[in-house]
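Undergrad: Residue numbers (our numbering), protein chains in the order written: chain W, 80 to 130; chain P, 843 to 1082.
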């Protein structure tokens, strides 16, 4: 039932800003998680190789 | 099995790894359903027009902005009393999520406020207490980065968290006991006479449930990252 009225741009801007911020938070969290996991796996392999 | 056994990082990693896939799917489904239902499936308000649809983002993020801080408070108290590292790391992990939720609540509120109140910002009690909460989030994260010894950082940030809780609680209840502001009363209430119309109430509940689950999912992901980072630092330090 979304109808276009004089506030359509306001609503779209609010949704755009909020979804963009949530997307940045999710992407940054996943990127850091993957990077740290990769580094830890490499470090553990290196440490185990030495033992 | 006691809850405290999950303070063991290995047990926490095992349990969180098992529940994360289900939690991720549930949060995505609920949040998308709530937002799509709210955006496309609700009518325009007779006074606010289509701007009423902003509540499906504003209310859930404002709810989580406050509750993220309260979750950090509980985790900080557990750290201070029982010295479980996982709880300190969970508090640290929740802070950027709470800060983002606060930013979204402030931004969507300002965007809604311009056509409805005629201004993006007013020094209203709830808006001001939210702004102070945002500053506390920045300060909390800055303090974690500023102190090199992680246990000392956890101690100091825990104390900051206790102090900031005053503003988290104030943000929640400011609309109830300060009636001179622009901000209207709570959109949801256990008293069925005062909450929003059912046309908005049910999609709002779904959006809120989705936002809660998204918060829990992200906290688990970020806490796992913090635990791995700490283990990585320990392994690297052993080599030096």
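Just so it is clear, CB atoms sit at the ideal spot from N, CA and C, and this is done for glycine as well.
#1: Please compile the residues from chain P whose C-beta is within a distance smaller than 7 angstroms of the C-beta of residue 115 of chain W.
#2: Measuring straight from C-alpha to C-alpha, what distance separates residue 1076 of chain P and residue 124 of chain W?
#3: Is any non-hydrogen atom of the ligand HEM found closer than 7 angstroms to the C-beta of residue 870 of chain P, if you look at the structure I gave you?
#4: For residue 856 of chain P, does the three-state DSSP call read helix, strand or coil?
#5: Closer than 8 angstroms, CB to CB, is residue 950 of chain P near chain W or not?
#6: Would you kindly work out how many angstroms separate the C-alpha atoms of residue 121 of chain W and residue 938 of chain P, rounded to a whole number?
#7: Could you tell me whether the segment 857-874 of chain P touches the segment 1043-1056 of chain P, using the rule of 3 or more Cβ pairs below 8 angstroms?
#8: Are the segment 991-1005 of chain P and the segment 909-920 of chain P in contact at 8 angstroms, needing three or more beta carbon pairs?
#9: The alpha helix (DSSP H) with residue 933 of chain P in it runs from where to where?
#10: Whole angstroms is fine: what's the gap from residue 872 of chain P's alpha carbon to residue 1045 of chain P's?
#11: When you check each C-beta in the segment 1047-1065 of chain P against every C-beta of chain W, which residues fall closer than 7 angstroms?
#12: Which of helix, strand or coil does DSSP assign to residue 993 of chain P?
#13: Nearest-angstrom Cα distance between residue 846 of chain P and residue 97 of chain W?
#14: In chain W, which residues lie with their C-beta within 8 angstroms of the C-beta of residue 891 of chain P?
#15: Nearest-angstrom Cα distance between residue 980 of chain P and residue 106 of chain W?
#16: Can you look up residue 120 of chain W in the DSSP assignment and give me helix, strand or coil?
#17: Contact criterion: CB-CB distance below 8 angstroms. Does residue 863 of chain P meet it with respect to chain W?
#18: List the DSSP bridge partners of residue 891 of chain P.
#19: Quick one: using the 10 Å Cβ neighbour count with 16 as the cut-off for buried, is residue 1068 of chain P buried or exposed?
#20: Considering Cα atoms alone, identify which of P:898, P:960, P:984 and P:904 is closest to residue 882 of chain P.
TA: This is what the structure holds:
#1: 1067, 1070, 1071 and 1074
#2: 14 angstroms
#3: Of the ligands one can find in the structure shown there are none, so the ligand HEM has no counterpart to examine.
#4: helix
#5: yes
#6: 27 angstroms
#7: yes
#8: yes
#9: 927-959
#10: 10 angstroms
#11: 1060, 1063 and 1064
#12: helix
#13: 36 angstroms
#14: 84, 85 and 86
#15: 20 angstroms
#16: helix
#17: no
#18: P:887
#19: buried
#20: P:898
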